[in-house]
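Okay, structure first, notes after.
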Amino acid sequence: MKIRLFAFDLDGTLVDRAGRISAENRRAVAMARASGAEVILVTGRSWRTTLPYYRELGLTGPAICYLGALVVEDESGWIGYHRPLAPEAWARLRRFALEEGLSITAVAAADRAVPGFQLPPKDLLVNDVAYSTGPPDDFACWREWNPYTEIDPGLERATAPPTMAAIYGDRAVARVTAAFPDGLPASQFDLSDRVPGETVLHVWHEEVDKGRALARYCRRRGIPASAVMALGDTTVDVPMLRFAGIGVAVPDGHPAALEAADWVATPAEAVARALGAGG
1 MKIRLFAFDL
11 DGTLVDRAGR
21 ISAENRRAVA
31 MARASGAEVI
41 LVTGRSWRTT
51 LPYYRELGLT
61 GPAICYLGAL
71 VVEDESGWIG
81 YHRPLAPEAW
91 ARLRRFALEE
101 GLSITAVAAA
111 DRAVPGFQLP
121 PKDLLVNDVA
131 YSTGPPDDFA
141 CWREWNPYTE
151 IDPGLERATA
161 PPTMAAIYGD
171 RAVARVTAAF
181 PDGLPASQFD
191 LSDRVPGETV
201 LHVWHEEVDK
211 GRALARYCRR
221 RGIPASAVMA
231 LGDTTVDVPM
241 LRFAGIGVAV
251 PDGHPAALEA
261 ADWVATPAEA
271 VARALGAGG
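All residue numbers for the sequence shown refer to UniProt numbering, where the first residue is 1 and numbers rise by one.
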């Protein structure tokens with residue numbers, strides 16, 4: 001079947017470790033767009049940090065951010081979907097972090113949820129903000145992880161449920177996971193970003209993942225999964241690689257992504273092969 005939608009992850013797939021999109025990857029996206037197919041970014045990034053790449057690639061349609069917790073309809077930042085943490089989950093986590101003096105960042109795309117398939121009036125735009133109690137002493141490169149985060153020791157500006165919460169440092173993460181061994185209401189704990197000196201526990205709404213977000217978007221557009229190619233590199237990409245008719249993992253991807261993929265290829269190789277096969 002001809003590919004009608006190409007879904008690209010950013011970091012590790014289109015974007016290298018230096019934060020650049022190579023000429024080859026730009027050409028791959030251009031080829032996909034020239035075929036008449038839709039092209040959508042599906043990323044864990046905020047809209048604020050996705051927008052420069054969106055513009056660089058010449059995109060004009062929706063983008064899926066925060067692993068699927070946010071769908072932005074166009075460059076204006078109009079929100080079509082937003083799934084923040086459940087109020088009870090955030091209230092409990094916020095209270096515990098403040099009582100224990102933990103390093104936590106609340107990242108919010110908007111101040112309310114936008115559910116369902118009915119698009120709202122264009123009255124809610126993304127307003128990416130982040131507030132933190134401050135960096136811990138056991139986490140390297142906190143500022144690189146928090147490029148626009150404001151220090152708010154009491155989280156007084158983060159009372160509404162955020163899109164995502166992040167707990168930084170081995171000690172803080174250990175305290176939170178021990179305090180909530182069964183998790184938080186309607187939430188999920190994500191420890192996929194764990195490297196020496198940089199342990200981060202992300203807390204998302206339980207319904208948030210790239211596969212669900214891409215499936216929801218495709219239902220809205222009337223595009224069957226068999227007409228979708230999704231490209232990614234790591235564990236959070238696995239749900240969308242499994243959803244898509246053709247899931248592609250880049251050659252240096254995480255073992256879980258490589259196992260879930262139908263193809264292992266660079267973006268340029270995958271797009272060229274798909275367009276050749278599609279005629």
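Glycine included, each C-beta is placed from N, C-alpha and C at the ideal position.
- Just measuring C-alpha positions, the residue of Y148, H202, E156 sitting nearest A172 is H202.
- For V238, the enclosing alpha helix (DSSP H) starts and ends at 238 to 243.
- Assignment of alpha helix (DSSP H) within the segment 55 to 109, counting only whole runs of 4 or more residues, yields 87 to 100 in chain order.
- Under DSSP, H205 takes part in a beta bridge, and its partners are S187.
- Taking a contact as a CB-CB distance under 8 Å, the pair I104 and S132 counts as one, their CB atoms being some 7 Å apart.
- For G232, the enclosing beta strand (DSSP E) stretches over residues 228 to 232.
- Each of A215, G169, H254 was checked against the Cα of P196, and the nearest Cα belongs to G169.
- The DSSP assignment places 129 to 132 as complete runs of the beta strand (DSSP E) inside the segment 126 to 163, in order along the chain (cut-off: 3 residues).
- Under the three-pair Cβ rule at 8 Å, the segment 260 to 274 does not count as touching the segment 40 to 57.
- Taking C-beta separations shorter than 8 Å and ignoring five residues to either side along the sequence, the partners of P147 in its chain run T49, following chain order.
- Taking C-beta atoms as the reference points, A215 and V42 fail to come closer than 8 Å.
- Residue environment analysis places K2 among the exposed positions, since fewer than 16 neighbouring C-beta atoms fall within 10 angstroms of its C-beta.
- At a Cβ-Cβ threshold of 8 Å, R4 and A227 count as neighbours.
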